[in-house]
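Trainee: Take the sequence shown: its position 75, counting from 1, is numbered 75 in the numbering used here, and each next residue is one higher.
All residues carry an ideal CB built from backbone N, CA and C; glycine is no exception.
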Amino acid sequence: MQYFVDSAALCRFHQGRSTSKSLLGRIEEDHHDRTGKAGKIYTRKEEEPVTALSDISLSLPSAGLIFILGKSGSGKTTLLNLLGGLDSLSSGEMLFEGKSLRGFKPADYDVYRSSKVGFVFQDYSLLPQLDVAANIGISLELAGLDADPKRIEKALASVDLQHCTHAWGNELSGGQKQRVAIARALVKDPEVILADEPTGALDQENGTAVFQLLKRLSADRLVVIVSHDEEAAKTYADRIITLRDGKVVNGQELHPSPLFRQSPFRPPAAIRASFP
Ligand SMILES: Nc1ncnc2c1ncn2[C@@H]1O[C@H](COP(=O)(O)OP(=O)(O)O)[C@@H](O)[C@H]1O
Ligand SMILES: [Mg+2]
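1. Can you tell me whether Phe104 is helix, strand or coil according to DSSP?
2. Given 6 Å as the limit, tell me if Thr278 has its C-beta closer than that to any heavy atom belonging to ligand 2.
3. Would you decide whether Arg244 is buried or exposed? Buried here means 16 or more other CB atoms lie within 10 Å of its CB.
4. For Gly251, name the three-state secondary structure that DSSP assigns.
5. Mind checking whether Gly85 and Arg102 have CB atoms under 7 Å apart?
6. By Cβ distance, which residues of its chain are closer than 8 Å to Leu217, with the 5 residues on each side in sequence left out?
7. Are there 16 or more other CB atoms within 10 angstroms of the CB of Gln178, so buried, or fewer, so exposed?
8. Within 10 angstroms of its Cβ, does Gly246 collect 16 or more other Cβ (buried), or is it exposed?
9. Find the nearest neighbour of Lys116 within the set Lys71, Pro198 and Asp108, judged by alpha-carbon distance.
10. In the DSSP assignment, the alpha helix (DSSP H) including Ala52 goes from what residue to what residue?
11. In chain order, what residues have a CB nearer than 5 Å to some heavy atom of ligand 1?
12. Quick one: Cα of Glu48 to Cα of Asp146, how far?
13. Compare the C-alpha of Leu140 against each of Leu95, Gln162 and Arg151 and name the closest.
14. Identify which residue in Ala219, Glu197 and Leu213 has its Cα closest to the Cα of Ile68.
15. On a Cα-Cα basis, can you pick out the residue from Asp203, Pro106, Ala237 and His228 that is closest to Ala219?
16. If distances are taken between C-alpha atoms only, which option among Lys154, Thr208 and Asn206 comes closest to Lys279?
17. So is Ser57 buried or exposed if we call it buried at 16+ other beta carbons inside 10 Å?
18. Of the residues Gly207, Pro149 and Ala143, which one's Cα is nearest the Cα of Ser173?
Okay, structure coming up:
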């Protein structure tokens with residue numbers, strides 16, 4: 001399944017060569033299925049390997065809002081973690097801005113995670129002992145940057161929380177905490193924001209505010225949301241990728257932005273991958 005055929009996808013997965021230099025070569029060799037195809041396979045001692053993803057081929061553009069839908073256990077988090085460099089492929093290859101992550105060492109993944117992607121989790125993952133500004137500052141420091149107050153204020157203004165710089169976690173509502181988490185992802189100006197069930201702990205009103213915010217941010221960067229909320233996906237997504245049993249069953253584009261139509265002026269897309 002190939003959604004975009006341009007050679008400049010932001011991120012792309014595809015079937016790669018299996019070489020002994022491959023990060024996951026050992027797993028590929030051990031756990032190829034009978035067709036010689038594999039995707040993301042989890043192996044644990046004394047347990048049956050779990051194929052979390054297989055037969056996947058995707059190219060993601062450099063901006064826009066993508067929803068990943070699917071039942072529990074269908075592989076959504078695995079896909080998001082692969083995109084975010086929290087996990088690595090068992091076979092195939094992921095290209096980011098045209099460069100393969102194959103052969104990435106742990107330190108390379110650290111750099112990738114801290115500079116290219118911003119994560120947003122269902123439980124916000126804020127540090128309770130720090131105020132809002134310090135929580136956001138950590139994200140800059142992890143990326144090797146100064147915790148510049150102006151930059152932090154700008155990120156907070158982008159999520160409409162400019163008045164909350166020195167608030168503590170217990171002074172914020174769930175919706176506000178999630179917006180702080182989005183500011184923390186945004187402050188380092190990453191190419192991609194990855195959100196795993198970002199509204200899962202929020203009521204409808206706060207959930208809608210978070211989706212609207214992520215939609216707004218997707219105007220000039222790629223935002224990928226894992227969600228169960230089909231209605232929200234239909235409302236906000238430029239494209240919905242549906243997973244079933246670790247396979248993409250649908251990757252329809254709903255509101256293709258003129259920027260992403262086949263055109264010589266399309267901006268470079270960031271992520272391409274396939275793991276057949
Ligand atoms: N670290 C892991 N070790 C072993 N199996 C895992 C691990 N993470 C996920 N899985 C399995 O991979 C499949 C996909 O999981 P996941 O990506 O978390 O699905 P979803 O996010 O759609 O609920 C499930 O069968 C799950 O049990
Ligand atoms: Mg999940």
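Mentor: In this structure, then:
1. Coil at Phe104, not helix or strand.
2. Residue 278 falls outside the range modelled here, since the chain spans only 1 to 276, and no answer is possible.
3. Exposed.
4. Correct three-state label for Gly251: coil.
5. No, they are not a contact pair.
6. Cβ within range, chain order: Ser158, Ile182, Leu186, Ile193 and Val223.
7. Gln178 should be labelled buried.
8. Under this definition Gly246 is a buried residue.
9. Ranking the options by Cα distance to Lys116, first place goes to Asp108.
10. Counting along the chain, Ala52 sits inside no alpha helix (DSSP H); it lies in the beta strand (DSSP E) bounded by residues Val50 to Leu53.
11. Any residue whose Cβ sits closer than 5 Å to a heavy atom of ligand 1 makes the list: Tyr42, Val50, Ala52, Ser72, Gly73, Ser74, Gly75, Lys76, Thr77 and Thr78.
12. If you take the alpha carbons of Glu48 and Asp146, they lie about 45 Å apart.
13. When each option's Cα is compared against that of Leu140, the closest is Arg151.
14. Checked all of Ala219, Glu197 and Leu213; the closest Cα to Ile68 is Glu197.
15. Ranking the options by Cα distance to Ala219, first place goes to Ala237.
16. In the structure as shown, the chain begins at 1 and stops at 276. Residue 279 is therefore absent and cannot be evaluated.
17. That one is buried.
18. Ranked by how close their Cα comes to the Cα of Ser173, the residues Gly207, Pro149 and Ala143 have Gly207 in first place.
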